[in-house]
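Chains as they are written, first to last, in the working numbering: chain A, 27 to 442; chain B, 650 to 954; chain C, 4 to 385.
What follows is a single structure, written as structure tokens, with notes after it.
In structure tokens:
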């Protein structure tokens, strides 16, 4: 963004006051000028806050194997920040972004977090994608008292003062989906399959407990494939032998593509087999191909086809910024929430200080999220709904079910 | 048996047998190009996976064209030919620019080609995007063939199998029934003598390397039907390919076929009875242990060292 | 005495080179870099252990191991297991179903510590295991392979496969190993907080000291009769064998030494970075470490260290500014080094710098400067 653009935005900002009010954001937005909030008062811990600007960090993998997944999050976060700046910024200050590349390498995430927090003194970081990268960066955030907004749906079992989790934790994504498929498809037998690492394993553990103890169903097989493995012949035969009512899948990465292609080729398409997956968003469909997915179900909190005014606007602006062919997956939307939640928290706190922001955010209700209403829970996760999408051939999903608001429960009792 | 009817067990055995065969053809296709380059020339081509991706991206690109000109049903054959040609040409160029300077230092080719693989990965990423892409497949390649009501034979598996057969036969006829192959074998056995009798050994090397890359391209194009296409997908194949070649005994085409067969059956059976990831570990472990006991591989070339 | 110092330092030329490196590591960098950059440097220095080990193994021994990452990883895991046990004392893990075991075990329904974790309750035992575990694995692999005269390309590929197996195993057995996330959230070592600034400084200096120690050891090995044999084996293995030497034993020995050095590097990595994960065990890190050595010069101990530092600094700088270009550059660098500078930076130095007797000139200044610098650093860290 050039500096003349920025000046224009400042001019526009006053016009946008009304808009922002209509959007139900904080009263102070837009109309706030930096003069009302002297720098010395809003930043007491040496963060990079000046009279005109505040610096935040974006930390995702722009290179390496994870770049496939994380690109969407970077785009969404930048879009949100550009929109916030257009509305006048936060406490009258423009947001400036320092973007760092985690390069799909976990120590690099720790290293760059340290740089962002210690050298750049950023007020907040939007970033990390895999659990491994978050786990590596977490001690840095806790030690330097930084603030991280983490967008991915993940396995739970974590709650940190310094992190807000804008994606769903495992129980939010799993329980309601299983309830629905049991009821809707009269499913009794389940076959669980996932990539061999912590997120699928934890998810499957929760799923198994729920199926066996609460739904009266039976798990007839549980299978893990090595990350990156692309041969599913034997696994598919095992599934054929067990004839489960539902395949419950959490396969990721290159394996995911091979899994769906080979499943389809083995005759297990959606006409014959019900499958509910928790690892396919619009982003993955590009690689898998709509024809291989058609008719299968995904459990996510967000789908691009969601019908509501917030989402229509979000999708339109996302496409305007990144091209007509851009697709928006669950994580991309969750990443988009990060900057907005941070802005709201800063304004509620009247300060950029991490300690005050962290206290101010829980309890905040956001009505402008593309996914609809969300609320920040005391445990730093979001209350959100679960949707079931049925994939179409064109790579988009029809939302066939929407749950009520689900409380986040990162340490679920009875599921561990 | 375990609460299943004999019928069911029979059907699964048929399908399991097929998936073993299909894995065999996948491994064979992966390894053939490498077997030629490594076995005949002693060059370790770490960019092998990336050459496969050249083929895969060619197929994806052709499928985009095919959708545009409404030729989805027939383009795949052309895509495979194009994949071969493109990978062949790139291989030819790489040999000329890079490999020919390193024949005396086999371990160094490993490093140089690894560097090459990084460059190629980034090229894919810059030109096709970081995200995985998929080729629009013709209808006749999708779904399954059903000899009885309960047996599904994946058509893409059959396709890969047929292709593996064609390529293997092609390589066989080239190597053992053509003058070109004769020159290649002569060069491998005794470079000095070969050049003394008038064989242009440099040209032979270049063609051999390019041929290996071309075959990698073909297999890459074929794999778009069964797995993913992304900038880093190639690196998933590299260890498996090397294991097949080394296990078979580098200089022997028969060895490569036998070892692909053995590894495929072992992996397919182990993955059926264990979880998939443990099956994979067990297979690799078995190979390593056998290799430690029989370092020259299954079919060692009978050469004094 | 003179003989020993010659052996350790490698004559005047070697001594000067080592002195400059030590000066950089102990004085110049700590003075010039802020703590953040120094932390990064510390991480690179741990990779340099592996690069040095590869100079022994590959440059001088002609044995290319593509599995050094697994030794680095094993050393690192040993240290991480000790630190993790200390971080999971019953008090700080009281919310778990089974307090007193690492959190990831609790999530995976383990109710007691697996037997192979037990030795890591004690620091002395851990330190021994950091050295022994990688060495033992190297011995087993080396014994099986070298006794059967597997070498060259085969050895490279088999070590690569073993590295892959190990990383799949670690990822798959997450109840015992922490899985793909690795062992994270390490805090203290015998009550000493390793995350504080002062601890970072101390660890950095220990790390650099150990590296210099390993280099001295490596130099000693290379200048001894054994080093001569190593070179001879690399160039004409058969002749050495026919002269009555048991080539395989020498190879096993050097492979074990290399593994041990890598293991030390891994343990220091864990201490400096604060976690260990399977992404340092697999194929890619193993190959990258070979590249570090190649860029620096596969024959030169000092060159390998500079190579490691340069490539890593380059990576950090470039990935900050041009993430797209970095892979092109890195790939191009490897190709260029292999094609045009097979002896790496050290080769270039030898070719050009020696002409001007840089070593002789610098040694004077080094002596002068080090006195001054010692004073300065004393003042800074008082």
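Cβ atoms here follow ideal geometry from the backbone N, Cα and C, with glycine treated the same way.
Predicted model, so just to flag it, every value in this text is computed and none were measured.
Among 874(B), 901(B), 828(B), which residue has its Cα nearest to the Cα of residue 729(B)? 874(B)
In chain order, what residues of the same chain have a beta carbon less than 6 Å from the beta carbon of residue 51(A), not counting five sequence neighbours either side? Here residue 51(A) scores only 42 on pLDDT, less than 50, and its place in the model should not be relied on; the value that follows carries that caveat. Same-chain partners within the cutoff: there are none.
For residue 839(B), which residues in chain A fall below 7 Å Cβ to Cβ? Residues of chain A passing the Cβ test: none, with the nearest at roughly 40 Å.
Which bits of chain C does residue 693(B) rub up against, with CB to CB less than 9 Å? 156, 159, 160
What does residue 91(C) touch in chain A if you count any residue whose Cβ is under 8 Å from its own? Those do not exist, as residue 91(C) stays about 14 Å from chain A at its closest Cβ, beyond 8 Å.
What's the C-alpha gap between residue 66(C) and residue 318(A)? 47 Å
I'd like to know if the stretch 731-745 of chain B and the stretch 685-704 of chain B are in contact, where contact means that at least 3 CB-CB pairs between them fall below 8 Å. yes
Which partner residues does residue 218(A) have in the DSSP bridge list? 248(A), 274(A)
Does DSSP classify residue 53(A) as helix, strand or coil? Here residue 53(A) scores only 41 on pLDDT, less than 50, and its place in the model is too uncertain to base an answer on.
Between the C-alpha atoms of residue 214(C) and residue 49(C), what's the straight-line distance to the nearest angstrom? 8 Å
Leaving out five residues before and five after residue 25(C) in sequence, what residues of the same chain have Cβ atoms less than 7 Å from its Cβ? 215
Out of curiosity, what's the CA-to-CA distance linking residue 459(A) and residue 171(C)? Here chain A comprises residues numbered 27 to 442, so residue 459(A) is not present and cannot be evaluated.
N- and C-terminal bounds of the alpha helix (DSSP H) containing residue 701(B): 697-718
Between the beta-carbon of residue 85(C) and the beta-carbon of residue 126(C), is there less than 8 Å? yes
In chain order, what are the residue ranges of uninterrupted beta strand (DSSP E) at least 3 long that sit wholly in the stretch 64-107 of chain C? none
In angstroms, rounded to a whole number, what distance separates the CA positions of residue 21(C) and residue 69(C)? 27 Å
Does any residue of chain C have a CB that is nearer than 8 Å to the CB of residue 799(B)? no
By DSSP, does residue 240(A) sit in helix, in strand, or in coil? coil
Between 123(C), 347(C), 335(C), 287(C), which lies nearest to residue 307(C) when the distance is taken from Cα to Cα? 347(C)
Segment limits, alpha helix (DSSP H) that includes residue 934(B): 925-942
Could you name the residues of the stretch 174-186 of chain C whose beta carbon sits closer than 8 Å to any beta carbon of chain A, in the order they occur along the chain? 174, 175, 177, 182, 183, 184, 185
Could you have a look at residue 840(B) and say whether DSSP puts it in helix, strand or coil? helix
Within 10 Å of its beta-carbon, does residue 669(B) have 16 or more other beta-carbons around it, so buried, or fewer, so exposed? buried
Is the CB-CB distance between residue 197(A) and residue 438(A) below 8 Å? yes
Which residues, in order along the stretch 689-722 of chain B, keep a beta-carbon less than 8 Å from a beta-carbon of chain A? none
Whole angstroms is fine: what's the gap from residue 3(C)'s alpha carbon to residue 115(A)'s? In the structure as shown, chain C begins at 4 and stops at 385. Residue 3(C) is therefore absent and cannot be evaluated.
Would residue 871(B) pass as an interface residue toward chain E - the criterion being a Cβ-Cβ separation below 8 Å? The structure shown contains no chain E; the protein chains it does contain are A, B and C.
Following the continuous beta strand (DSSP E) through residue 324(A), name the residue where it begins and the one where it ends. 323-326
What's the gap between the Cα of residue 270(C) and the Cα of residue 123(C)? 13 Å
Could you tell me which chain A residues have their CB closer than 8 Å to the CB of residue 875(B), listed as they occur along the chain? 256, 284, 287, 288, 291
Close Cβ partners of residue 755(B) (< 6 Å) along its chain, the five nearest in sequence each way excluded: 691
Nonlocal neighbours in the same chain, by C-beta distance under 6 Å from residue 47(A), ignoring five residues either side: Low local confidence applies: a pLDDT of 40 at residue 47(A) is under 50, so the model's placement there is unreliable, and no value is given.
How close, in whole Å, do the beta carbons of residue 97(C) and residue 275(C) come, if the pair is a contact with beta carbons under 8 Å? Their Cβ separation, rounded to whole angstroms, is 29 Å, which puts residue 97(C) and residue 275(C) out of contact at 8 Å.
Under 7 Å Cβ-Cβ, which residues of chain B neighbour residue 222(A)? 926
Any chain C beta carbon closer than 8 Å to residue 11(A): This structure cannot settle anything about residue 11(A), because the visible part of chain A is limited to 27 through 442.
Given that a residue counts as buried once 16 or more other Cβ atoms are within 10 Å of its Cβ, and exposed if not, what is residue 858(B)? buried
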